[in-house]
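Colleague:
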Amino acid sequence: MSTQLLSPNLLHHAEYPAPPLAERVWVGLKRHALSLMLDTREVYTFDPVGRLWIAFIEGVNYKRGLDGRMVCKWFTPDGMRRLHRLTGEEADSILRWAHQMATQALELFPAESDPACKEALQRACAWDVAAHHRDAERFLQVYKPVSILPPDQYLALVLQVTEGCHWNRCTFCDFYRDRRFAVKTPQQLREHIARVQEYFGETLRLRNRIFLADANALVAPQRMLVPLLEVVRATFAIEPEDLEPEELPRWREEHPVRFQGIYSFVDAFTGYRKSVAEWRELRQLGVRRVYIGVETGCEDLLRFLRKPQTGDEVVQTVQTLKEAGIAVGIILLLGAGGDRYARAHVEETVALLRRLPWSAGDILYFSELVEPFAGEYTQLAREAGIQPLSPEQMLAQRREMEAALNLPPGVQRATYDIREFVY
Ligand code: SF4
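Set out below in structure tokens:
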């Protein structure tokens, strides 16, 4: 069984019989995590200090966020993906169970097995339910809730250089309704970073990129943004792109805490105002990819969604980003406008996407409209007599758009499911 988890990143491992807990227990220690496997039915992954991170229990995958929220995913026998956000009580029962399994695995750990695995198990055993609760409270003293990240950024180190959304009025989005928009000063950012570093401690090594939050951090004027990025650069090592392949291992060894680049959201209705020279300046400071909530190419639908952007602004934003050497992540909102806009949404979105200068490194995300999280949208749609699309109809929208596009090699297409996000 252990070969399933063997990988080049595996530093230590131990395998032993442990009835009645399991016929075989396997403990694997990697640079970033400890895995505990009980036969093939349960796997627990703990971060380097011992917090529960991921669990797989009898066919269900659980993921815990640092703020204590937990989601789980599974597939039904007919292959349908299901997702559930756990209540506090449900999350506690998973934490309790994981702690119990780790404690029993430690009690049965053979004296002659790898001591590094034993120490890692001891660290995990120090994290009972109460310790997880205390840690979540500590996290929420450092961060305003991290509302959402693009799926390829789930392992990023979030820095809240701004708070909230400067627009905050799109009907389908209530991610930032709880806070006013504000841009941190360099001094405030330094203080935030110091608290972030203290909170993460050695688990900073787990984070591979830097994500500037909140909603559209790059909306800040260049004269405010550049000093903020300089603060980030003065604190964190970003992997240089111009190193020769033989120089890279040494650079990495010298920078155990390092990041592949800086990433952020921007909205097209302000992003288009930045010049190529301004984006280039951000590129030189480490910005590698920028995510844009395009939602749809249908401008009537955008008005219904109360998102104040035009297709031309999207095209101009992407063009200037590309000229500056920055990749894009484009996010579409499947099902937006329900049956009323379904045809126009597909056709006009395809027409807009065809105008964009796609290149390798870009990502096209498909995000289903999720009505329980959809702010005022549901009420307005109901008043307008709009019928929501079913998951199958939204999938059909995606398939139709993908079939009509001819994206160049190296452009990824992916699902962006806001329900599964925890940080
Ligand atoms: S969709 Fe973006 S621009 Fe609109 S309210 Fe939400 S975060 Fe702000």
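Take any residue in the sequence shown, count from 1 to its spot, add 4: that is its number in my numbering. Where a beta carbon is used, it is the ideal one built from N, C-alpha and C, also for glycine.
1. Using three-state DSSP, classify residue 240 as helix, strand or coil.
2. Helix, strand or coil: which one does DSSP assign to residue 6?
3. Mind checking which residues open and close the alpha helix (DSSP H) that includes residue 111?
4. If we call anything under 9 Å between Cβ atoms a contact, is residue 229 one with residue 266?
5. If you reduce the DSSP assignment to three classes, tell me which class residue 345 lands in.
6. Write down the C-beta distance between residue 333 and residue 276 rounded to the nearest angstrom, noting that I regard them as a contact closer than 8 Å.
7. Within the same chain, show all residues whose beta-carbon is closer than 8 Å to that of residue 86, passing over the 5 residues directly before and after it, in chain order.
8. What I want to know is whether the C-beta of residue 182 ends up closer than 8 Å to one or more non-hydrogen atoms of the ligand SF4.
9. So the candidates are 35, 37, 45, 18; which of them puts its Cα closest to the Cα of residue 26?
10. If I measure Cβ to Cβ from residue 73 and keep anything under 6 Å in the same chain, skipping five residues before and after, which residues do I get?
11. Helix, strand or coil, according to DSSP, for residue 164 in the structure here?
12. What is the residue span of the beta strand (DSSP E) that residue 57 lies within?
13. Identify the residues that DSSP records as bridge partners of residue 74: which are they?
14. According to DSSP, is residue 412 part of a helix, a strand, or is it coil?
15. Under 8 Å by Cβ, that's how I've got residue 223 and residue 270 pegged, so tell me the actual separation to the nearest angstrom.
16. Residues bridged to residue 327 by DSSP?
17. Considering only C-alpha positions, which residue in the set 50, 90, 54 is nearest to residue 64?
18. Any heavy atom of the ligand SF4 closer than 8 Å to the beta-carbon of residue 293?
19. Quick check on the burial criterion: 16 or more other C-beta atoms within 10 angstroms. Buried or exposed for residue 423?
20. Put residue 84 into one of helix, strand or coil per three-state DSSP.
21. Does the beta carbon of residue 13 fall short of 8 Å from some heavy atom of the ligand SF4?
22. So residue 200 packs on residue 159, CB below 8 Å; how close in whole Å?
23. Can you name the residues that DSSP bridges to residue 371?
24. Give me the Cα-Cα distance between residue 344 and residue 55, rounded to the nearest whole angstrom.
25. Cα separation between residue 237 and residue 363?
26. Cutting at 7 Å between CB atoms, please list the residues of its own chain near residue 100, excluding the five before and the five after it.
27. What's the call for residue 30, buried or exposed, on a 16-neighbour Cβ count within 10 Å?
28. Kindly list the residues whose CB is nearer than 6 Å to the CB of residue 329, restricted to its own chain and excluding five residues on each side of it in sequence; keep chain order.
29. Which partner residues of residue 306 appear in the DSSP bridge assignment?
30. Could you tell me whether the segment 144-158 touches the segment 351-366, where touching means 3 or more Cβ pairs closer than 8 Å?
31. Residue 34 lies in the beta strand (DSSP E); which residues open and close that run?
32. Could you compute how far the alpha carbon of residue 95 sits from the alpha carbon of residue 206?
33. Report whether the distance from the Cβ of residue 311 to the nearest heavy atom of the ligand SF4 is below 8 Å.
34. Check whether the segment 347-356 touches the segment 143-150, counting contact only when three or more Cβ pairs, one atom from each stretch, lie closer than 8 Å.
35. Can you tell me whether DSSP reads residue 381 as helix, strand or coil?
Modeller: The structure says:
1. coil
2. With a pLDDT of 48 at residue 6, under the threshold of 50, the predicted position of this residue should be treated as unreliable, and no value is reported.
3. 92-111
4. no
5. helix
6. That belief does not hold up - the Cβ atoms of residue 333 and residue 276 are roughly 17 Å apart, past 8 Å.
7. 77, 78, 79, 80
8. no
9. 45
10. 426
11. strand
12. 56-61
13. 68
14. coil
15. 7 Å
16. According to DSSP, which records beta bridges pairwise, residue 327 is partnered with nothing at all.
17. 90
18. no
19. exposed
20. coil
21. no
22. Their Cβ separation, rounded to whole angstroms, is 15 Å, which puts residue 200 and residue 159 out of contact at 8 Å.
23. 337
24. 47 Å
25. 27 Å
26. 133
27. buried
28. 287
29. DSSP lists no partner for residue 306.
30. no
31. 26-34
32. 25 Å
33. yes
34. no
35. helix
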